[in-house]
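The opening residue of the sequence shown carries number 27 in our numbering; numbering runs sequentially from there. Beta carbons are placed, not taken as given, at the ideal position from N, Cα and C, and that holds for glycine.
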Amino acid sequence: MITLMRRQRRALQVGLLLVVAAFVASLFVFGTRGFDGGGPPDTVATVNGERISFERYQRRYQAYYDAYAQIYRERFSSELAERLGLAQQVVNDLVQEALVVQRARAEGFELSDEELNARIQAIPAFQDGGRFVLKRYEEFLRRRGISAAAFEDEVRRELTRARVEATVRGSVTVSEAEIEQAFAMRREEVRAAWALVELGPLVAAATAADSELPDYLAKHGDEFRQPERRRVQYVLLAEKDFTKPIGDAEVEKYYAAHQKEFETPHQVRAAHVLARVPDTGGSAAEDKARAKIVDVIRRAKAGEDFAKLARELSEDPGSAPNGGDLGLVSRGEMVPQFEQAVFALKKGEVSPEPVRTPFGFHAIKVVAVQEGGRKPLREVAAQIRGRLVAEAAEAAARARADAIGSELRAAKDFGAAAKALGLTPLEATLVKSDRLAGLGAPDVLEEAAFALTVGGVSASVKTPTGIVLLKSVQAIPAGVPPLEEIKAKVADAVKRQKAEAVAAERARQLAADAAAGDFAAAARKAGAVTGQTPRFSRAKPAEKLPGDAQVAGLETPAGRVTAPVRTQQGYYVLNVLERVAPDTAGLAAEREKILRELLNRKQSLAWESWLSVARQGATIDVSGRLSAPRRG
């Protein structure tokens, strides 16, 4: 919850409408670059003949951009946006929105003009003293350079989509029988004997003749396909070789010039109890949630343990198990309503009344207060010294790299030139990674290598250990390498294929023999490793048995033998010795949790099913390669 409040603070200040956030945030001027590197098209996509304009794409892109900027903060940039595939995400969102609105319109779900007017007039940005002011609305439109018709169409679309999704999800129910079935499935316990036909020894015993390798490679080439690569020569100027001592005077000078770096903000350690208000709950839901928090505040002020109340009553799954603890929070990290309330409290105080935020109603307690201030020099001197040493070493290494770079670029023999300069030339093959967007920083050496033409030498490249200069020696295209290069890997694959076949057959025979007679004897005949599990369930898995084997055991009646189960270690066969029905007395304690899980799962499936129907037979055309609008 605190993470959500921190990340969504700016968007939530604007209101509940994503489209309003998009317009309020769109303060910059877009340039002209859009698709295929040329000027922007008038239409970015069509959905069943309905066009999605480039103007709408621009606004939605900005809304996405701002949302990601809240998540990644200072790490976010246009380059990261491109790696995240932001442009494609935006068009996918607009296309799905069009499909939803089209089906909603056909089924009578679209907002009426009266409903639209009421919702727009309720937006706080257009109000003064709680009353809608037409001039504010017109000024808003004028400053953003958008017509009332375009804005109202965007709002109608967003609210229609929200209404449809809420209706579809709200139509889902969970029966008592489903809850009981889920509880039984989760808590029913099984005890089993198991036998494992191990792959390892069979692989070690297998052989692969040279004559078998070409045929295997021809049939399984994709197993050995490699991405595009670059073979490079490089030299490393390690920063540790350029370190020099830093005197006290330099440390003191840095401290005096950068005092703000060593200031700590005023922070409070807060805990809360949350009562959520559903988006479609209406005034009754508001009253119910508020009453719940009023009672929590009353009980806390009467002396009950706040952490215990949070564990028992809070609807924030992130903090409730920790007694509602949100950790240390600073100004500017939370939604405004929560921030105003929490920084008005002293240590040990509980908010005098419920605090309303977009998440619901909160009871807030300040557990501790950490006053701000500047750390004294003695506490940060070592930190400053380390920074100055590192910065000086990096600067010296980079200066040396810049000085020798021209010589290495002009040299016909990179390695010989490097040795003449007293450096050790090294070689490596770098792979072009298909790194998942947002799941790791790009490899700077990889980027430098693939930016070079063959024979080119890079500029200085900063790495964690020093400065690197590298030369591209060979470009190796993606594909399956010649057999000679991967002979050992192909031979290993052939051996494993043979071992897999032997293990599968032994496990199949083991299962057949065990079903007809003695499980232990069948396991010995197959040369399998054996053992027994304690009782386990879906809620309490067995520690050493692989998950797929456990599932097979849980789905097999007592006294029966499972079919062979393929795992990384080999093939498991289980003999289910005992099944123990759950104690239904425990259902009451888990009913709400199971209900929420089942409801969320069924709601998601219902919404996906509704979307799937909307997609069926749809004609969708996206206009070329997507790129981000240029910001000027």
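*alpha helix (DSSP H) containing Ser-630: first to last residue?*
Counted as a single uninterrupted DSSP element, the alpha helix (DSSP H) harbouring Ser-630 occupies residues 613–641.
_Using CA atoms only, rank isn't needed, just tell me which of Leu-112, Ala-614, Gln-293, Leu-300 is closest to Ala-93._
Residue Leu-112 holds the alpha-carbon nearest to the alpha-carbon of Ala-93 among Leu-112, Ala-614, Gln-293, Leu-300.
*Span of the beta strand (DSSP E), counted from its first residue to its last, around Arg-99*: Boundaries for Arg-99: no beta strand (DSSP E) harbours it, and the DSSP string shows neither H nor E there.
*Throw me the rounded Cβ distance for the Asn-74 and Ala-644 pair, which I believe falls under 8 Å.*
Rounded, the Cβ-Cβ distance is 6 Å, consistent with contact.
*Less than 8 Å between the CB atoms is what I'm expecting for Ser-4 and Glu-472, so what's the real figure, rounded?*
The structure shown does not extend to residue 4, since the chain spans only 27 to 658, so no value can be given for it.
_Beta-carbon contacts of Gln-535 that lie in its chain and below 7 Å, excluding the five residues immediately before and after_ = Exclusion of the five residues before and after Gln-535 leaves Ala-552 as the residues of its chain whose Cβ lies within less than 7 Å of its Cβ.
*Please name the residue or residues paired with Asn-118 in a DSSP beta bridge.*
Residue pairing of Asn-118 in beta bridges, as defined by DSSP: absent, with no partner found.
*Beta bridge counterpart(s) of Phe-387 as assigned by DSSP*: According to DSSP, Phe-387 bridges with Ala-301, Arg-382.
*Do Ala-317 and Gly-386 have their C-beta atoms within less than 8 Å of each other?*
With respect to the 8 Å criterion, Ala-317 and Gly-386 are not classified as neighbours on the basis of their beta carbons.
*With 16 as the cutoff for other CB atoms within 10 Å, does Pro-503 come out buried or exposed?*
It counts as exposed.
*Which runs of the alpha helix (DSSP H), 4 residues or longer, sit entirely within the region 313–345?*
Taken in chain order, the whole alpha helix (DSSP H) runs of length 4 or more contained in the region 313–345 are 332–339.
*By a C-beta neighbour count over all protein chains shown, 10 Å radius and 16 as the cutoff for buried, is Glu-330 buried or exposed?*
Under a 10 Å Cβ-count criterion, Glu-330 is classified as exposed, with fewer than 16 other Cβ atoms of the shown protein chains found around its own Cβ.
*asked:* Rounded to whole angstroms, what is the Cα-Cα separation between Lys-373 and Arg-382?
replied: In this model, Lys-373 and Arg-382 are separated by some 21 Å (Cα to Cα).
*Quick one, are the C-beta atoms of Glu-214 and Val-606 less than 8 Å apart?*
Yes, the pair counts as a contact, with Cβ atoms nearer than the cut-off.
_Residue from Phe-545, Gln-122, Ala-234, Ile-410 with nearest C-alpha to Glu-278_ = Of Phe-545, Gln-122, Ala-234, Ile-410, the residue nearest in Cα terms is Ile-410.
*Count the other CB atoms within 10 Å of the CB of Ser-649; is the residue buried (16 or more) or exposed (fewer)?*
Flag for Ser-649 reads buried.
_Counted within 10 angstroms of its Cβ, other Cβ atoms place Ala-244 as buried (16 or more) or exposed_ = By the 16-neighbour rule on beta-carbons within 10 angstroms, Ala-244 is exposed.
*Going by the CB atoms, is the gap between Ala-533 and Val-116 shorter than 8 Å?*
Not closer than 8 Å, so no.
*Of the residues Phe-177, Ala-615, Arg-82, Ile-272, which one's Cα is nearest the Cα of Glu-417?*
The shortest Cα separation from Glu-417 among Phe-177, Ala-615, Arg-82, Ile-272 belongs to Ile-272.
*Output the boundary residues of the beta strand (DSSP E) element that contains Gln-523.*
Residue range 513–542 is occupied by the alpha helix (DSSP H) that includes Gln-523, with no beta strand (DSSP E) assigned at that position.
*Residue range of the beta strand (DSSP E) that includes Thr-186*: Careful: Thr-186 lies outside any beta strand (DSSP E), inside the alpha helix (DSSP H) at 174–196.
*Report the residue from Ala-175, Asn-118, Leu-600, Leu-496 whose alpha carbon sits nearest the alpha carbon of Val-258.*
Nearest option by C-alpha distance: Leu-496.
*Per DSSP, which residues does Asn-601 bridge with? Please list them.*
Beta bridge pairing from DSSP links Asn-601 with Ala-219, Val-587.
_Between the CA atoms of Arg-424 and Ala-282 - distance to the nearest angstrom_ = C-alpha separation (whole angstroms): 27 Å.
*When Phe-332, Arg-162, Val-639 are compared against Val-194, the one with the closest alpha-carbon*: Closest in C-alpha terms to Val-194, from the list Phe-332, Arg-162, Val-639, comes Val-639.
*asked:* Please identify the residue among Glu-204, Glu-141, Pro-150, Arg-169 whose C-alpha is closest to the C-alpha of Glu-660.
replied: The chain is shown from 27 up to 658; residue 660 falls before or after that span and cannot be answered.
_Beta-carbon contacts of Phe-562 that lie in its chain and below 7 Å, excluding the five residues immediately before and after_ = Glu-215, Val-216, Ala-568, Gln-576, listed in sequence order.
*Please report the Cβ distance between Ala-549 and Ala-221, rounded to the nearest whole angstrom; I am assuming they are in contact, meaning their Cβ atoms lie under 8 Å.*
Ala-549 to Ala-221, Cβ: 4 Å. Contact.
_Give me, in chain order, the residues of the same chain whose beta-carbon lies closer than 8 Å to that of Ala-326; leave out the 5 immediate sequence neighbours on both sides._
Setting aside the 5 residues that flank it on each side, Ala-326 is surrounded in the same chain by Phe-332, Leu-335, Val-376, Ala-389, Lys-391, each with a C-beta closer than 8 Å to its C-beta; the list follows chain order.
*Same chain only: Cβ atoms within 7 Å of Arg-522, ignoring 5 sequence neighbours per side*: Counting only residues of its own chain and dropping the five nearest sequence neighbours on each side, Arg-522 has a CB closer than 7 Å to the CB of Val-229.
*When DSSP labels each residue in this structure, what does Leu-352 get in the three-state scheme?*
Note: Leu-352 maps to strand in three-state DSSP.
*Is there contact between the region 97–109 and the region 619–637, where contact requires at least three CB pairs shorter than 8 Å?*
Using a Cβ-Cβ distance cut-off of 8 Å, the region 97–109 and the region 619–637 are not in contact, since fewer than three pairs of beta carbons, one from each stretch, lie closer than that value.
*Per-residue DSSP class, three states only, for Asp-92*: Per DSSP, reduced to three states, the secondary structure at Asp-92 is helical.
*Can you name, in chain order, every residue of its own chain whose Cβ lies under 8 Å from the Cβ of Ser-486, other than the five neighbours on each side?*
Excluding five sequence positions before and after Ser-486, the CB atoms of its chain that fall closer than 8 Å to its own CB belong to Arg-424, Ala-427, Asp-428, Gly-431, Ile-493, Val-494, Leu-495, given in chain order.
_One question on the structure: do Leu-613 and Gly-579 come within less than 8 Å of each other, judged by their Cβ atoms?_
Not closer than 8 Å, so no.
*Taking the C-alpha atoms as reference points, what is the distance between Gly-247 and Glu-265?*
About 43 Å.
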